[in-house]
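S.K.:
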Amino acid sequence: MKKIFYVILIFVIAFMLFSIPSRIYATADLSVDGIKNSADSFFANTSNSTDLPMDEDDVKDLGLQLINLLTTAGIIISVGVAIVLGVKLVFSSVEEKAEYKEKLMPYIIGCFVTFAAFGIWKVVLVMLQNSGI
Numbered sequence: 017m018k019k020i021f022y023v024i025l026i027f028v029i030a031f032m033l034f035s036i037p038s039r040i041y042a043t044a045d046l047s048v049d050g051i052k053n054s055a056d057s058f059f060a061n062t063s064n065s066t067d068l069p070m071d072e073d074d075v076k077d078l079g080l081q082l083i084n085l086l087t088t089a090g091i092i093i094s095v096g097v098a099i100v101l102g103v104k105l106v107f108s109s110v111e112e113k114a115e116y117k118e119k120l121m122p123y124i125i126g127c128f129v130t131f132a133a134f135g136i137w138k139v140v141l142v143m144l145q146n147s148g149i
């Protein structure tokens with residue numbers, strides 16, 4: 017029964033994927049010369065342009081915001097896992113306590129690696145930002 021369900025599910029998903037209409041509204045010369053001319057005009061327009069979508073300060077600010085967001089997510093996840101492991105450790109039997117204590121070492125190493133990586137990343141970005149690079 018499960019096999020039939022999975023086969024039908026695969027066929028339904030495949031049908032849905034192939035039935036999605038895709039429309040292309042772009043018109044282009046798809047000959048080799050047309051593609052080459054389009055590429056040449058693109059590079060000619062961008063090589064002389066000094067307008068960049070983001071300047072250096074925006075990139076640095078985005079990097080610092082990304083670091084802060086990922087660090088916050090890491091803290092929330094690690095605290096959640098610590099709470100779950102702590103509750104399981106408190107309400108478990110002697111054999112289960114030994115099992116949960118074995119799980120604590122990879123958790124501690126993972127927290128250390130995560131926060132060390134983000135800390136090093138933040139220090140490097142702040143040093144580069146202060147040096148003017």
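Counting from 1 along the sequence shown, just add 16 to a position and that's the residue number in my numbering. Each residue gets a CB set at the ideal place from its N, CA and C atoms; glycine is no exception.
Looking at the unbroken alpha helix (DSSP H) that takes in Ser147, where does it start and where does it end?
M.R.: 110-147
S.K.: Between the C-alpha atoms of Ala132 and Leu141, what's the straight-line distance to the nearest angstrom?
M.R.: 14 Å
S.K.: Could you tell me the alpha carbon to alpha carbon distance between Leu80 and Pro122, rounded to whole angstroms?
M.R.: Between the alpha carbons of Leu80 and Pro122 lies a gap of roughly 28 Å.
S.K.: How many angstroms separate the CA atom of Gly126 from the CA atom of Val100?
M.R.: 16 Å
S.K.: Assign Phe134 to one of two classes, buried (16 or more other C-beta atoms within 10 Å of its C-beta) or exposed (fewer than that).
M.R.: Classification of Phe134: buried, given that the 10 Å Cβ count is 16 or more.
S.K.: Could you check what DSSP says for Ser47 in three-state terms: helix, strand or coil?
M.R.: coil
S.K.: Nearest-angstrom Cα distance between Lys117 and Leu85?
M.R.: 30 Å
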